[in-house]
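Counting from -15, one number per residue, gives the positions in the sequence shown under the numbering used here.
Note that the Cβ used here is the ideal one computed from N, Cα and C, for glycine as well.
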Amino acid sequence: MARHLGSRFLRPVAGYSQQAFERLAQRWDGRCPLVLDSACGTGESTAVLARRHPAALVIGIDQSAERLERGRRKLADTLPANALLLRADTTDLWALLAERGVTLAHHYLLYPNPWPKAEHLQRRWHGHPRWRELLALGGQLELRTNWQLYAQEFALALRQAGQVAALRPLVAEGTALTPFELKYAASGHPLWQVQATLDGGAPSHPSAARAGEPGRERAGDQAGKTPVDR
Ligand SMILES: C[S@@+](CC[C@H](N)C(=O)[O-])C[C@H]1O[C@@H](n2cnc3c(N)ncnc32)[C@H](O)[C@@H]1O
């Protein structure tokens, strides 16, 4: 983690992630709060979050075309107009947004794969080489998982990066936010939630591609001031 905080991950962005980023940039006006639902699976959570944050543009991102397609079919009549499902490696989108100084209102990481083997640490979000970019995106960050150790590591990594992180058992909200939450809750798994308010970086818009170009509105600031963004 310390290594990743001090260095840049130079893997090129995948073509499909670049295309997703361009769609996002076309769709976002640069002023309304921006919410990411990273690794959204079929996007059911994206739909719920879009209703929960009606003043925001809520982007659900997953690398699986098959899951997204299944979600699009299921949500065909119910996906709110302020929700957008995109196929991308979400860490590529973090890098593309962070590079341009874009900050988020909220960022959700819901039920990531646990990657339980030690050699898979780099695949956990807090062990990923793009952890630095995730932190730079700012906003209200929320992780949910059924694996307590993942939540503990995630909270520890946030604290090591100088952030204040709260780890607690997830209190059931009535309806599950995602299919995995539903599945785990139904089989009686205790669920965990980590929340943190990240500082983020300088304001900008995806179209402000050149370093040093003055940015437009900061999505996170707007969200903080907008009472309708709950
Ligand atoms: C366990 S599923 C959880 C899906 C959803 N959040 C839920 O709770 O129902 C993990 C998801 O992460 C996606 N995923 C894993 N790594 C990813 C990455 N780097 N970029 C985008 N999606 C990713 C997988 O395709 C899968 O849909």
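Exclusion of the five residues before and after Asp76 leaves Val(-3), Ala(-2), Ser1 as the residues of its chain whose Cβ lies within less than 7 Å of its Cβ. Leu105 is classed as exposed because its beta carbon has fewer than 16 other beta carbons within 10 Å across all chains shown.
DSSP, read as helix, strand or coil, puts Thr75 in helix.
Beta-bridge annotation (DSSP): Glu126 is paired with Tyr92, Gln179. According to the DSSP secondary-structure assignment, Leu151 is paired through a beta bridge with Val178. Rounded to the nearest angstrom, the Cβ distance from Tyr95 to Phe164 is 4 Å, consistent with a contact under 8 Å. Contact check between the segment 28 to 41 and the segment 50 to 68: three or more CB pairs, one atom from each, fall below 8 Å, which counts as touching. Excluding sequence positions up to five before and after Ala34, its CB lies within less than 6 Å of the CB of Val42, Pro64, Asn66, Ala67, all in the same chain and listed in chain order. If you check the C-beta of Ala102 against ligand 1, you find no heavy atom less than 7 Å away. DSSP, read as helix, strand or coil, puts Val32 in helix.
Phe5 has its CB no nearer than 7 Å to any heavy atom of ligand 1.
Taking all protein chains shown into account, Asp46 has 16 or more neighbouring C-beta atoms within 10 Å of its C-beta and is therefore buried. Partner residues in the beta bridge of Val19, as assigned by DSSP, are Val42, His90. Taking C-beta atoms under 8 Å as the contact rule, Ala180 and Ala149 qualify, at a distance of about 4 Å. DSSP, read as helix, strand or coil, puts Ala60 in coil.
Looking at the DSSP output, Leu68 sits in a beta bridge with Ile43.
Distance from the C-beta of Phe138 to the nearest heavy atom of ligand 1 is not below 7 Å. For Pro163, the secondary structure class from DSSP, reduced to helix, strand or coil, is helix.
At a threshold of 7 Å, Asp73 counts as near ligand 1, since its beta carbon sits closer than that to one of the ligand's heavy atoms. Set against 7 Å, the gap from the CB of Gln47 to the closest heavy atom of ligand 1 is smaller.
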